[in-house]
Amino acid sequence: ISPNDDLRRKLVAAGGIENPIAGGCIWSTDGIFRETSSLVSKQRAAGALAVDMETTGLWAAARFREISLATVVVISDVLDGHEHRTGFHLPQFKEGLNLAAEISWQVLTQQPLT
1436 ISPNDDLRRK LVAAGGIENP IAGGCIWSTD GIFRETSSLV SKQRAAGALA VDMETTGLWA
1496 AARFREISLA TVVVISDVLD GHEHRTGFHL PQFKEGLNLA AEISWQVLTQ QPLT
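Counting from 1436, one number per residue, gives the positions in the sequence shown under the numbering used here.
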């Protein structure tokens, strides 16, 4: 399933040049303990930019309800090869969440960013 192009364009435009918004594939799984190094490498080679546990459910509901969807993911942890660096505690993660919420709200309400 592909995101709604209009929503995606609006999210990217709202993000502005200083705010890194990348478009791409998200690997969604409910089994974090199945995220082996080899599977991470395989998903990365297939084009996955991130892994999460919620996106698949959102897309399934959107498809069932026949509604448009684009998702915004703020990366907290970095899993690179054999190293796993957590980031939930970092100020940059919290800033990213706030920015994602603000951008999403702007797009949904068509209001300018403050």
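Backbone N, C-alpha and C define an ideal beta-carbon position, used for all residues, glycine too. If you're wondering where the values come from, they're calculated on a predicted model, not measured in any experiment.
Under the three-state reduction of DSSP, Val1447 is assigned to helix.
Bounds of the alpha helix (DSSP H) holding Val1475 are 1472 to 1480. The DSSP-derived three-state label of Ala1505 is coil.
Excluding the 5 residues flanking it on each side, Ala1483 has same chain C-beta neighbours closer than 8 Å at Gly1459, Cys1460, Ile1461, Trp1462, in chain order. Here Ile1510 carries a coil assignment [DSSP, helix/strand/coil].
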